[in-house]
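In this note's numbering, the protein residues as written are 2 to 322. C-beta atoms are modelled at their ideal positions from N, C-alpha and C, and glycine is treated no differently. Predicted model only: the values in this text are computed from it and were never measured.
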Amino acid sequence: MHARAARAPGLFAALPAEVSIFEVGPRDGLQNESTILPVEKKVELIEGLVDAGIKRIELTSFVNPRWIPALADHMEVAARVRRKPGVSYSALVPNLRGLDSATRAGMQEIAVFMAASQTHNRKNINKSTEEALATYREVVHEARARGMSVRGYVSTVYGCPYEGSISLDSVVRVASGLLEMGVYEISLGDTIGVGTPRQVEYILDGLLAAGIGLEQLAVHFHDTRGTALANITVALQLGVRTVDSAVGGLGGCPYAPGASGNVATEDVVYMLHGMGVQTGVDLDRLVSVSAGLSGQLARELPSKYLKAHLGHCARLGRSVT
Ligand code: HMG
Ligand code: MG
C-alpha cells in the first residue's frame, strides 16, 4: 500500500466571509449591445438588480454620445432611477463636461477610466496617458469638491489589443497616479479577457510592493477566454474584496477589438455562495432579471448559470420567474 501524500490544509482558508459585487451591466454591458434598450427598460433593469440585492451599480456613462451611442440617454437614465438607501450608484465620466452632466443628473459617485496602455488611451479617450492623468487630476479634484466619491479604472492591465503585453510599471504608474488624486478604489480591468491566475498574483504582488493596499483594489474581468472565475478566486484568496461583474455576462469595450462579455454576476454569485462567501444578492431574483434581459435583447446571454437555469426550467416545464 502506498502512503497517501500529505497536503497543506485549508486551500481556501484565505477566502473572505463576504464580497462586495460591483454591478457594471447597465454600463459596460449595454455600451456594447447593438439593440438599444429604451430608457424605461434600462431603469427597470437597474431597479430590478438593486431589488435583487445589488448594493453598488454603474448606471451609465457621461461620455460623448457619438463615441458610445448606446448610452446617449445618460441624462434620462441617471435622473429617473429611483435611489434606494444604502445603495451606491456610479457612472463613468471622462472629462469636466461629463462631470457637469453627472452633477446635473444627481450623481454622488463617478468613475474615471483610462488604460495602462498608451495606444488604448488614444483609441478609447483620444488622449495620451499623460493627458488623461492631467484631465483626471482636474476632474477628481472638482468632483470631490462637489462632495462626490470617485472610483478609478485601469484598463488593459493583463494585455492590450493594440500593444500586446503591458509592463507592470505602466500599471503601477497609472494606478498610483489615480490614487494620489483621491480616487477611493482602483478597478483593475482585464479588458480583453487574456489574464490567467498566476498573472493575477504577479500583478497584485506588484501593486502591493508599490505600496497600494489590496483594500483599495477591485477586479474587473472580461471572460473572453473562460479564465475569469479562476482569476477571481485567486484575487480573493490574496485579499481583494470587490468584484466587478455584469448581469447575464454582457459587456465589452467598443474600442478594444476582441473584447467580449464581463464575467456574469450570476456565475460569480453562484460560485461564491457555493463556497460559503456571502454577497447579499438573491440569486433567484437575479437570474429572473437576466432571463428578462435576454428576452429584451433578443439573444442568448453568455452567463453559464443562466443557461443552466433556463435548461432546468424547460425540463421541468416551469416558467423562469
Ligand atoms: P474628443 O472627441 O477628444 O473630445 O473625445 P473633445 O473634447 O475634442 O470634444 C469633441 C466633441 O465631443 C465636442 O462636441 C464636445 O462637446 C463633445 P462638438 O463641439 O464636436 O459638438 N464631448 C462630449 N459630449 C458629451 N459628453 C462628454 C463630452 N466630452 C466631449 N463628456 C472623449 C474625448 C473622452 C469625450 C471621447 O473619447 C469619449 O467619449 N470616449 C468614451 C469611450 C468609452 O466610453 N469607452 C468605453 C468605456 S471604457 C471600458 O469599457 C473599459 C472598462 O470597462 C474597464 C475594462 O474593461 O478594462 C471601464
Ligand atoms: Mg470593462
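Taking 7 Å as the cut-off, decide whether the C-beta atoms of residue i and residue j are in contact.
| i | j | result |
| --- | --- | --- |
| A73 | A106 | no |
| A144 | L100 | yes |
| S291 | V248 | yes |
| D186 | R152 | The amino acid at residue 186 is misidentified as Asp; the sequence shows Glu. For E186 and R152, yes; Cβs fall inside 7 Å. |
| Y117 | V155 | In the sequence as presented, Tyr is not what sits at residue 117; that position holds Ala. Cβ atoms of A117 and V155: closer than 7 Å. |
| H223 | C161 | no |
| A71 | E110 | no |
| L60 | Y90 | yes |
| V88 | V113 | no |
| V244 | I22 | yes |
| V172 | V158 | yes |
| A133 | M115 | yes |
With DSSP run on the structure shown, which of helix, strand or coil describes residue i?
| i | result |
| --- | --- |
| T192 | coil |
| A116 | strand |
| E45 | helix |
| D52 | helix |
| R271 | Checking the sequence, you will find Tyr at residue 271 rather than Arg. Three-state result, Y271: helix. |
| S150 | strand |
| V64 | coil |
| I37 | coil |
| E164 | coil |
| Q392 | Given that the chain is displayed from residue 2 to residue 322, the structure contains no residue 392 and the question cannot be resolved. |
| L12 | coil |
| A247 | strand |
| V220 | strand |
| N122 | helix |
| E110 | strand |
| K308 | helix |
| L302 | coil |
With a threshold of 6 Å, establish whether the CB of residue i neighbours any heavy atom of the ligand MG.
| i | result |
| --- | --- |
| D268 | no |
| D206 | no |
| D285 | no |
| D29 | yes |
Just to check, is the beta-carbon of residue i closer than 6 Å to a non-hydrogen atom of the ligand HMG?
| i | result |
| --- | --- |
| G240 | no |
| G190 | yes |
| V235 | no |
| V1 | No statement about residue 1 is possible, as the shown extent of the chain runs from 2 to 322 and does not include it. |
| I69 | yes |
| G153 | no |
| I126 | yes |
| R98 | yes |
| F23 | no |
| S118 | no |
| C314 | no |
| P303 | no |
| F222 | no |
| C1 | Lying before the first or after the last residue shown, residue 1 is absent from the chain, which here runs from 2 to 322. |
| P95 | yes |
| S156 | yes |
| F114 | yes |
Since residue i and residue j should fall inside the 8 Å C-beta cutoff, what is the C-beta to C-beta distance between them, to a whole number of angstroms?
| i | j | result |
| --- | --- | --- |
| Y203 | A265 | So it is not a contact: roughly 25 Å between Cβ atoms. |
| A260 | T192 | 6 Å |
| Y271 | L284 | 6 Å |
| A53 | V282 | 6 Å |
| S246 | E77 | Going by Cβ atoms, the distance from S246 to E77 rounds to 25 Å, so no, they are not a contact pair. |
| T36 | L298 | 5 Å |
| G190 | H221 | 4 Å |
What does DSSP give as the partner residue(s) for residue i in the beta ladder?
| i | result |
| --- | --- |
| V155 | M115 and L189 |
| R57 | F23 and S89 |
| Q279 | E19 |
| N263 | H223 |
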